[in-house]
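In the numbering used here, the protein residues as written are 24 to 107.
Shown next as structure tokens:
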């Protein structure tokens with residue numbers, strides 16, 4: 024299964040929803056709390072070009088936020104991406 028990294032904060036409802044979806048798929052998540060580590064927020068913004076959380080990577084693929092993750096799941100493409 025592909026490694027999953029998620030930039031998140033402690034009070035983000037979209038982060039919680041993304042985590043629930045991924046856990047339901049049996050995925051272990053490497054969570055990076057950008058509210059606790061400001062340098063990681065800068066890293067996230069540099070890597071993704073986005074300021075909002077969550078920002079999710081599956082392997083080396085930047086998925087985006089929760090809406091992007093849910094859209095992949097609805098389209099039936101999330102499981103395939105997780106397998107790679």
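Ideal Cβ placement from N, Cα and C applies to all residues, glycine included. Given the structure is predicted, the values throughout are model-derived calculations rather than measurements.
Local Cβ density within 10 Å of residue i, reported as buried at 16 or more and exposed below that
i	result
residue 97	exposed
residue 42	buried
residue 27	buried
residue 114	Residue 114 lies beyond the range of the chain shown here (24 to 107); nothing can be said about it.
The alpha helix (DSSP H) enclosing residue i, as first and last residue numbers
i	result
residue 43	36-47
residue 91	89-97
First and last residue of the uninterrupted beta strand (DSSP E) at residue i
i	result
residue 74	Residue 74 -> no beta strand (DSSP E), and no H or E assigned at all.
Residue i versus residue j - alpha carbon distance
i	j	result
residue 102	residue 61	32 Å
residue 72	residue 49	28 Å
residue 82	residue 106	10 Å
Residue(s) in a DSSP beta bridge with residue i
i	result
residue 53	28
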